[in-house]
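Colleague: If you scroll down you'll find the structure; I have some questions about it.
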Amino acid sequence: MRVRDLQPPPATASDTSIGDLISDISADVSQLVRDEIELAKAEIKEESTKAGKAMGMLGGAGYAGHLVLLLGSLTLIFALGNVMDLAWAALIVTALWAVVGAVLYTTGRKRMRTVNLKPEQTMESLKEDARWARHPRN
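Residue numbering for the sequence shown follows full-length UniProt numbering, starting at 1 and increasing by one per position.
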């Protein structure tokens, strides 16, 4: 008899121990959780980028509005001062810029409302995983 003949045959699927199965399941669940976390991170990063761009636009609009308000107002006040009293000209120019500011604010606010920081794809994927875990063969 040779040594090779004394070794047990290789394990088959039916010979797999419960411990091995639990270990495999644990590894699969760990990988699934890691994948879900990565998906959530990607979604949050995408939405944060949108929010950052919207905030940048609001900031830029504020700065540009300030410069336009300052320099353009002076120009317009002096131009209107040729036709009316400077105080009335200043009041008219101020009201004009108030309207411009309101429009910029409203537009920025609408864009900010489109930002969704809830990771929708991750939530749906987790729901699918839970359904599969309850009924793995369906």
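We treat Cβ as the ideally placed atom computed from N, Cα and C, and that holds for glycine.
Rounding to the nearest angstrom, what Cα-Cα distance links H66 and A102 in this structure?
Modeller: Each residue's alpha carbon lies about 13 Å from the other.
Colleague: Alpha helix (DSSP H) containing V100: first to last residue?
Modeller: Taken as a continuous stretch (DSSP letters only), the alpha helix (DSSP H) holding V100 covers 86 to 113.
Colleague: Can you grab the Cα-Cα spacing for the pair T94 / M112, in whole Å?
Modeller: Straight-line Cα distance between these residues: approximately 27 Å.
Colleague: Got a sec, what are the start and stop residues for the alpha helix (DSSP H) S48 sits in?
Modeller: First-last of the alpha helix (DSSP H) with S48: 18 to 67.
Colleague: So what does DSSP say about H70, is it helix, strand or coil?
Modeller: Strictly speaking, residue 70 in this sequence is Leu, with His absent from that position. It is helical.
Colleague: What residue range does the alpha helix (DSSP H) around K127 cover?
Modeller: Counting along the chain, the alpha helix (DSSP H) containing K127 begins and ends at 120 to 134.
Colleague: Taking the C-alpha atoms as reference points, what is the distance between T114 and A89?
Modeller: Spanning the two alpha carbons is a distance of roughly 39 Å.
Colleague: In angstroms with no decimal places, state the Cα-to-Cα distance between S125 and A40.
Modeller: Going by the C-alpha atoms only, they are around 10 Å apart.
Colleague: Quick one: using the 10 Å Cβ neighbour count with 16 as the cut-off for buried, is I18 buried or exposed?
Modeller: That one is exposed.
Colleague: So what does DSSP say about L117, is it helix, strand or coil?
Modeller: L117: coil per DSSP, three-state reduction.
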